[in-house]
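Worksheet for the structure shown next.
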Amino acid sequence: MSHIDGTARTFVKSLRTAFIVGGILSIILGILILIWPGRTAQVATGIIAAYTIVAGIVYLALGIFSRTKGGWSRLGHIALGALFVIVGVVAFANLAAFTASFAIFLGVLVGILWIIEGAVSLSVVGQSSSRGWTIAFAVLSIIAGVMLLFSPLWGAFVLWWLLGISAFALGIVNIVRGLSFRP
Numbered sequence: 395m396s397h398i399d400g401t402a403r404t405f406v407k408s409l410r411t412a413f414i415v416g417g418i419l420s421i422i423l424g425i426l427i428l429i430w431p432g433r434t435a436q437v438a439t440g441i442i443a444a445y446t447i448v449a450g451i452v453y454l455a456l457g458i459f460s461r462t463k464g465g466w467s468r469l470g471h472i473a474l475g476a477l478f479v480i481v482g483v484v485a486f487a488n489l490a491a492f493t494a495s496f497a498i499f500l501g502v503l504v505g506i507l508w509i510i511e512g513a514v515s516l517s518v519v520g521q522s523s524s525r526g527w528t529i530a531f532a533v534l535s536i537i538a539g540v541m542l543l544f545s546p547l548w549g550a551f552v553l554w555w556l557l558g559i560s561a562f563a564l565g566i567v568n569i570v571r572g573l574s575f576r577p
């Protein structure tokens, strides 16, 4: 029985550590976003660009060295890999412009998703047990989505700012969870 107690204690200690470390990292991310929103967005875009280059190299290698794929599949992998590498290199060549373009793209994407989410919510009002809340959610979602479509860069900035605040707040909550976690 003591082995199980020891294992449970180790597990709880690991969870506590994970909550605390995750919380500290979340607070750091939140602070970076709030203090240096542009630079932090550029770093995030740079990470995405680096990932894109690595993914492109993997696709190129799959297309070039694969012995089991057919000709069209290999050609597709090579084309996709080349496109990924080109996009990653272009992103690094002008990181500030790519960051702004990426922010606009995300603002438009979120706007479209919110409009669709609102329309879908309106379509299920009849089955909802809380019709008023469902209608309110749908209308707010559609309005927010339209606002994002008309000013996607501003909307992306606001969403980025909210992400910073959320990351900071959730980091504090995770640290408190970790410090107060009991078996």
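Quick note: the sequence shown, position 51, residue 445 per my numbering, numbers continuous.
C-beta: ideal position from N, C-alpha, C; glycine also.
Start-to-end residues for the alpha helix (DSSP H) that takes in residue i
i: W430; result: Element bounds for W430: n/a, residue is neither H nor E.
i: F575; result: It is not in any alpha helix (DSSP H) - F575 carries neither H nor E in the DSSP assignment.
i: R461; result: Per DSSP, R461 belongs to no alpha helix (DSSP H) and is neither H nor E.
i: V540; result: R525 to F544
For residue i, the three-state DSSP class (helix, strand or coil)
i: N488; result: coil
i: S579; result: Past the edges of the chain, shown from 395 to 577, lies residue 579, and the structure says nothing about it.
i: V518; result: coil
For residue j and residue i, believed in contact at Cβ under 8 Å, the rounded distance
i: I569; j: I418; result: 7 Å
i: T504; j: L542; result: In the sequence as displayed, the identity of residue 504 is Val instead of Thr. So it is a contact: roughly 6 Å between Cβ atoms.
i: F405; j: A443; result: Contact doesn't hold; Cβ gap of about 38 Å is too wide.
i: I421; j: I566; result: 7 Å
i: A435; j: W554; result: 6 Å
Sub-8 Å separation of residue i and residue j beta-carbons
i: G539; j: I509; result: yes
i: R403; j: G572; result: no
i: A563; j: I427; result: no
i: L457; j: G482; result: At residue 457 the sequence reads Gly, which differs from the Leu that was named. No, these two residues do not count as a Cβ contact at 8 Å.
i: T439; j: L489; result: yes
i: A450; j: F413; result: Reading off the sequence, residue 450 comes out as Gly, not Ala. No, the pair does not count as a contact, with Cβ atoms beyond the cut-off.
i: G558; j: G424; result: yes
i: I506; j: V519; result: no
i: F531; j: S515; result: yes
Would you check if the region 459-475 and the region 499-514 touch, i.e. whether three or more CB-CB distances between them fall below 8 Å?
no
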